[in-house]
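All residue numbers for the sequence shown refer to my numbering, where the first residue is 3 and numbers rise by one.
Working notes, structure below.
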Amino acid sequence: MPQIIDGKTISTAIKDELKKEVAENNIKATLAVIQVGNDPASSVYVGNKKKACEYIGIGSASYELPEETTEDELLKLIDDLNEDDSISGILVQLPVPKHIDDRKIIERISPLKDVDGFHPESVGNLCIGRDGFVSCTPAGIIELMRRSGISIEGKECVVIGRSNIVGKPMALLLLANNGTVTVCHSRTRNLKEICKRADILVAAVGKPKMINRDYIKEGAVVIDVGIHRMDNGKLCGDVDYEDVSDIVSAITPVPGGVGPMTIAMLMVNCVKAAKQVK
Ligand code: NAD
Numbered sequence: 003m004p005q006i007i008d009g010k011t012i013s014t015a016i017k018d019e020l021k022k023e024v025a026e027n028n029i030k031a032t033l034a035v036i037q038v039g040n041d042p043a044s045s046v047y048v049g050n051k052k053k054a055c056e057y058i059g060i061g062s063a064s065y066e067l068p069e070e071t072t073e074d075e076l077l078k079l080i081d082d083l084n085e086d087d088s089i090s091g092i093l094v095q096l097p098v099p100k101h102i103d104d105r106k107i108i109e110r111i112s113p114l115k116d117v118d119g120f121h122p123e124s125v126g127n128l129c130i131g132r133d134g135f136v137s138c139t140p141a142g143i144i145e146l147m148r149r150s151g152i153s154i155e156g157k158e159c160v161v162i163g164r165s166n167i168v169g170k171p172m173a174l175l176l177l178a179n180n181g182t183v184t185v186c187h188s189r190t191r192n193l194k195e196i197c198k199r200a201d202i203l204v205a206a207v208g209k210p211k212m213i214n215r216d217y218i219k220e221g222a223v224v225i226d227v228g229i230h231r232m233d234n235g236k237l238c239g240d241v242d243y244e245d246v247s248d249i250v251s252a253i254t255p256v257p258g259g260v261g262p263m264t265i266a267m268l269m270v271n272c273v274k275a276a277k278q279v280k
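As structure tokens, this is what we get:
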């Protein structure tokens, strides 16, 4: 039986630690959460983020804007929130409608309030090993491994996916933790062979159950970032869990693995933002 990396328990532990820190140090923080339009999946994510704020004892301010909000209106709101001392972190739920340039939005958020870690300054800090806000999903994966006793140093790490929010920051974090890192993507040749070298394999490919045992070295640690809803209503990841579970040494389940960590790390960033303002 592999070690099941329990993101639910670990994320709850992180949130409980934050709750204690917020209460003991009387930390005042408010996360501004902006949603443009009413995509149902985004509404669920936004709701979960607000619930997490409440759980750890910080405020959240909700801005639910209509689908037809212009880019200028959204930029103006971000400017106002950047100036507002009562707001410690700003999050714009992505994706935004197509008529809005998400890069402009991300770049407008003050780097001091960039709790998603998507601003180019935050990414630059991560790249050169300076302290700053780190994208929540990859930061959560590092924390999952740390708290599960899985060391990264010297390990052959393979990341499948090179998106700005998961694949690239994941690779940088593994490197910062002294892993030997390979990044694979849609143009990679010999994907299976490269994945089979991995001591730690991170799948952020966005394709349900694509990664089966043919991609896995015996005893590998497998981190599954994917989230997909199957026809039967159940969730699955990018990894075919049943197919690989007898050859891996440790694996994150879907649900209950990486998913809950993303919000826990967002809360870590919110508390960090609030402390920085003090
Ligand atoms: P994305 O679509 O932006 O990126 C997918 C990456 O996979 C791309 O870089 C692409 O080059 C690569 N890719 C696609 N097909 C490939 C193939 N056949 N072979 C090799 N590489 C291939 O996705 P993303 O935003 O990085 O998210 C990846 C997955 O993680 C999705 O399933 C998403 O839903 C999930 N996700 C989960 C969380 C969470 O909190 N658990 C957070 C973010 C994303």
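Virtual Cβ for every residue (Gly too), placed ideally from N, Cα, C.
Distance from the CA atom of residue 237 to the CA atom of residue 259, rounded to whole angstroms, is 12 Å. For the ligand NAD, no non-hydrogen atom lies closer than 6 Å to the CB of residue 124.
Per DSSP, residue 222 lies in no beta strand (DSSP E) segment and is marked neither H nor E. Where residue 44 is concerned, the enclosing alpha helix (DSSP H) starts and stops at 42-58. When DSSP states are grouped into helix, strand and coil, residue 110 belongs to the helix group. Taking a C-beta distance under 7 Å as the contact criterion, residue 136 and residue 159 do not qualify as a contact pair. Spanning the alpha carbons of residue 202 and residue 161 requires a straight line of approximately 8 Å. Proximity annotation: the ligand NAD has residues 139, 163, 164, 165, 168, 187, 188, 206, 207, 208, 227, 228, 229, 260, 261, 264 in chain order, each selected because its CB is closer than 5 Å to a heavy atom of the ligand.
Close CB contacts of residue 112 within its chain, under the 6 Å cut and outside five residues either way in sequence, are with 84 (chain order). Where residue 182 is concerned, the enclosing beta strand (DSSP E) starts and stops at 182-186. For residue 205, the enclosing beta strand (DSSP E) has its first and last residue at 202-205. Short of 6 Å from the beta carbon of residue 213, and not among the five residues preceding or following it, lie these beta carbons of its own chain, in chain order: 205, 240, 241. Residue pairing by DSSP puts residue 253 in a beta bridge opposite 6, 224.
Rounded to whole angstroms, the gap between the alpha carbons of residue 152 and residue 4 is 13 Å. In this structure, residue 271 lies away from residue 94, with their beta-carbon atoms at least 7 Å apart.
Comparing C-alpha distances from residue 90 to each of 72, 114, 81, 75 shows the shortest one belongs to 114. Cβ neighbours of residue 71 within its own chain (closer than 6 Å, five residues either side excluded): 38. In the structure shown, residue 39 falls within a coil segment according to DSSP collapsed to helix, strand and coil. Contact between the segment 118-129 and the segment 220-237 is not established, with fewer than three Cβ pairs separated by less than 8 Å.
Secondary structure of residue 259 (DSSP, three-state): coil.
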